[in-house]
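Peer 1: Just passing along the structure, written as C-alpha cells.
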Amino acid sequence: MLVLFETAVGYAIFKVKKKLEKKLAEPESLYKEFKNADKAKKVLKLEHFEKFKDVQDAVSFTTKTRNSKISKLLKISLEQLIPEGSQEQLIVGDAKLGRHIEKKTKISCVHNSATQELMRCIRINIGSLLELGQEDLTRMALGLSHGLSRYEIKFNPQKIDTMVIQAMHGLDEMDKEINNYVMRCKEWYGWHFPELAKIIPDGTNYLKVVVAMGFRENAAKTDFSSFLSEEEEQKVKTMAEISMGTEIMEDDVHNMQTMCQEVLHMQECREHLQEYLKNRMITVAPNVTALVGEIVGARLISHAGSLVNLAKQASSTIQIFGAEKALFRALKARHDTPKYGFIYHASFVGQSSTANRGKASRMLAAKTALAARVDALGDEDDGIDIGTEQRAKLEKNLRWMEIRDGFRVHGRRKARVDKYTSKSEVYQHKSSGDSSLPSTSSASTCQHQPRSSNHGQLSSTCQHQPRSSNHGQLSSTCQHQPRSSNHGQLSASCRKITWCGI
Numbered sequence: 011m012l013v014l015f016e017t018a019v020g021y022a023i024f025k026v027k028k029k030l031e032k033k034l035a036e037p038e039s040l041y042k043e044f045k046n047a048d049k050a051k052k053v054l055k056l057e058h059f060e061k062f063k064d065v066q067d068a069v070s071f072t073t074k075t076r077n078s079k080i081s082k083l084l085k086i087s088l089e090q091l092i093p094e095g096s097q098e099q100l101i102v103g104d105a106k107l108g109r110h111i112e113k114k115t116k117i118s119c120v121h122n123s124a125t126q127e128l129m130r131c132i133r134i135n136i137g138s139l140l141e142l143g144q145e146d147l148t149r150m151a152l153g154l155s156h157g158l159s160r161y162e163i164k165f166n167p168q169k170i171d172t173m174v175i176q177a178m179h180g181l182d183e184m185d186k187e188i189n190n191y192v193m194r195c196k197e198w199y200g201w202h203f204p205e206l207a208k209i210i211p212d213g214t215n216y217l218k219v220v221v222a223m224g225f226r227e228n229a230a231k232t233d234f235s236s237f238l239s240e241e242e243e244q245k246v247k248t249m250a251e252i253s254m255g256t257e258i259m260e261d262d263v264h265n266m267q268t269m270c271q272e273v274l275h276m277q278e279c280r281e282h283l284q285e286y287l288k289n290r291m292i293t294v295a296p297n298v299t300a301l302v303g304e305i306v307g308a309r310l311i312s313h314a315g316s317l318v319n320l321a322k323q324a325s326s327t328i329q330i331f332g333a334e335k336a337l338f339r340a341l342k343a344r345h346d347t348p349k350y351g352f353i354y355h356a357s358f359v360g361q362s363s364t365a366n367r368g369k370a371s372r373m374l375a376a377k378t379a380l381a382a383r384v385d386a387l388g389d390e391d392d393g394i395d396i397g398t399e400q401r402a403k404l405e406k407n408l409r410w411m412e413i414r415d416g417f418r419v420h421g422r423r424k425a426r427v428d429k430y431t432s433k434s435e436v437y438q439h440k441s442s443g444d445s446s447l448p449s450t451s452s453a454s455t456c457q458h459q460p461r462s463s464n465h466g467q468l469s470s471t472c473q474h475q476p477r478s479s480n481h482g483q484l485s486s487t488c489q490h491q492p493r494s495s496n497h498g499q500l501s502a503s504c505r506k507i508t509w510c511g512i
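By our numbering, the letter at position 239 of the sequence shown is numbered 249, and the numbering carries on one by one without gaps.
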C-alpha cells in the first residue's frame, strides 16, 4: 500500500509497512506510531519524491491537484511505481482526486477517516521523512501560497490601482494648498512690496524672490539671474527703489521667508509625487496612459473607483466622466448634453479644432474603454500594446477630418476665397418711349365713358371711345380711335390708331 502526499516542494509517495497497515483499522491509535521522527520512519518509507522545478511549476501542479485533477508529472510517477494490473492500492487525501486517478490510471485509491488521520500524522513529521529542514519547508509553503493566491485572483502587486487613486487625490489636494499658500504669501508680502506681484505673476518665482531678497532695499545687491530674466530683474530693482509699500520689521520678513520656503518645499514634493504617479500609471495602465496621458488616466481610474470598474464602463460613460452635473442639468432642462468631461484635457482632444472636439472625444473614449479592458483583464505574458497603435490611428483619422473640413492639424485654417456675387440691375419700363408722336396737354380725368343706349358725341377729355351704333366723329384729344364701319379721318394729336367696329 502506497501513500500520496502533496507538499510545497513536490509529490511524495511513501510505502506503508505491514505494521502500519494493521493500525489503519484503529485510527485512534495511529498517533502513537508518529510521536517522533524515528517511529515515523519505522512505519513509513519514502518510495519516490518528485520535486518541482520552480514556483510556477508548483503553482500549476498544485492548482490542478486542488481542482481534483491529476497532473502529467504525477501520472508518469504513478505509472512507474504501480504497473498496470497491479493490486497495489494508493491512499489519497482527496476523494475527488482519488476518483480522477482511478479514471486516468486504473489504480485503486483509498480514502476514508483512517486515511485522513494518517495524513495528519505524516504532516507532523514531513520534514524528517523528506530529510528537509522545517524552515525550508515553511518558506517554500509561504511562497507557494502567495503565488497560488495571486494566480487565483489574478493579482499583481505591481498593479495596485489603489496607489494611483491615492496619489491622484494627494496631487489635487497639494495643488489647492499650494495655490492658497502662494496667494497668502503675495498678500502678506504685498504690504511691503505691492508692485512685485505685477512684475512677477508666476508664483514659484515670486516665492524665490522673497526668499532671496527679504527687504526690498536689498534688491539692488541681490542676484536674481538664476530664476528671472534680465528684463524682470531690472524691473524688480527699479520698482524696489520707488515702491509705495509700508515698512516692516525683521521678524516679519523672517516669518514671510519661512513660509515661502515651506511652500517651495511643497512644490518639490508635488513634482516628486507627479513623477511617482507617472511611473505607477505606466505600470498599472500602460495602454490608457499612452492614449490619454498619466494625469487624465489617473483621474478616470480615481473617478471610476478602480481600474476594473473603469474597464466595465461603456465608452459613452467614460466620455462624460467628470461632467455628471452638467449632464443631469441638461437632461432636466432638455438642452444639449455635454460632449466631454475629464477626457477634454487629453492632448489628443486639445489639438483638434473646436468643430471636431466632440468627434475627437468620442473616438478617444471608445479606444480608452478598450485599453482599460486590456490593462485590467489582459495577461502580462501576452504583451498586448494597443495604446500606441490606437493613438496613431486616432491621429491619422483626426488629420483626415481636419483636412476634409478645411483645417490643418495644427489649427491653422486655409485661406478662404470670397464667394462671387452678381449684382442684378432692375430695369423699369418707361411708357414715354412707346411712341414718338407728340402728345397734347389734354385733361384726361375720365378714363372710361359709361355705356348708354343714347350714344352722344365723344367727350373732349375721354381717353377711350365707347362703342356705338351711330358712330360719330373722333375727338381731337382722343388717344384711341374707335372701330367704325365708316372710317373717319385720324386726329393729328392721337397717339395710337384703334379701329372702331360694330
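For each residue, glycine too, the CB sits at the ideal point set by N, CA and C. It should be emphasised that the depicted structure is a prediction, and the values quoted were computed from it without experimental measurement.
(1) Looking only at its chain, what residues have a beta carbon closer than 7 Å to the beta carbon of residue 245, apart from the 5 residues adjacent to it on each side?
(2) Got a sec, what are the start and stop residues for the beta strand (DSSP E) residue 99 sits in?
(3) What do you reckon, are the CB atoms on residue 298 and residue 320 nearer than 9 Å?
(4) Quick one: grab the DSSP three-state call for residue 462.
(5) If you count every other CB in all the chains shown that lies within 10 Å of the CB of residue 511, and 16 or more means buried, which is it?
(6) How should residue 36 be labelled, buried or exposed, when 16 other C-beta atoms within 10 angstroms of its C-beta is the threshold for buried?
(7) Mind checking which residues open and close the alpha helix (DSSP H) that includes residue 12?
(8) Under the assumption that residue 111 contacts residue 120 (Cβ atoms under 8 Å), give the Cβ distance between them as a whole number of angstroms.
(9) What did DSSP end up calling residue 57 once you bin it into helix, strand or coil?
(10) Of the choices 23, 356, 22 and 44, whose alpha-carbon is the least far from that of residue 30?
(11) How many angstroms separate the CA atom of residue 401 from the CA atom of residue 380?
(12) Under three-state DSSP, which class holds residue 453?
(13) So is residue 279 buried or exposed if we call it buried at 16+ other beta carbons inside 10 Å?
(14) Roughly how many angstroms lie between the CA atoms of residue 143 and residue 385, to the nearest whole one?
(15) Under 6 Å Cβ to Cβ from residue 124, same chain only, skipping five residues before and after it: list those, please.
(16) Where do the ends of the beta strand (DSSP E) carrying residue 24 lie?
(17) From residue 196 to residue 361, what does the alpha carbon distance come to, in whole angstroms?
(18) On the CB-based measure, 16 or more other CB atoms within 10 Å of its CB, does residue 127 come out buried or exposed?
(19) By Cβ distance below 8 Å, which residues in the same chain neighbour residue 376 in space, the five residues on each side in sequence not counted?
(20) Could you check if residue 254 is buried or exposed, using at least 16 other CB atoms within 10 Å of its CB as the buried criterion?
(21) Taking the C-alpha atoms as reference points, what is the distance between residue 234 and residue 413?
(22) Roughly how many whole angstroms lie between the Cα atoms of residue 307 and residue 46?
(23) Taking C-beta to C-beta, are residue 318 and residue 171 nearer than 9 Å?
(24) Determine the contact status of residue 87 and residue 60, defining contact as a CB-CB distance below 9 Å.
(25) Leaving out five residues before and five after residue 358 in sequence, what residues of the same chain have Cβ atoms less than 8 Å from its Cβ?
(26) Do residue 188 and residue 277 have their C-beta atoms closer together than 9 Å?
(27) Just how far apart, CA to CA, sit residue 349 and residue 293?
(28) Taking the beta carbon of residue 347 as the centre, do at least 16 other beta carbons fall within 10 Å, making it buried, or is it exposed?
(29) Would you call residue 287 buried or exposed, if buried means 16 or more other Cβ atoms sit within 10 Å of its Cβ?
Peer 2: Looking at the coordinates:
(1) 209
(2) 99 to 101
(3) yes
(4) Model confidence at residue 462 stands at a pLDDT of 45, short of 50, so the residue's coordinates are unreliable; what they give is reported in the following sentence. Residue 462 falls in the coil class under three-state DSSP.
(5) Annotation note: pLDDT 44 at residue 511 (below 50); position unreliable, coordinate value reported separately. Classification for residue 511: exposed.
(6) exposed
(7) Here residue 12 belongs to no alpha helix (DSSP H); instead the beta strand (DSSP E) covers 12 to 16.
(8) Their Cβ separation, rounded to whole angstroms, is 11 Å, which puts residue 111 and residue 120 out of contact at 8 Å.
(9) strand
(10) 44
(11) 12 Å
(12) Only weak support exists for where residue 453 lies, its pLDDT of 43 falling under 50; the coordinates are left without a value.
(13) exposed
(14) 41 Å
(15) 34 and 37
(16) 20 to 26
(17) 34 Å
(18) buried
(19) 325
(20) exposed
(21) 47 Å
(22) 60 Å
(23) yes
(24) yes
(25) 301, 302, 370, 374, 401, 404, 405 and 408
(26) yes
(27) 30 Å
(28) exposed
(29) buried
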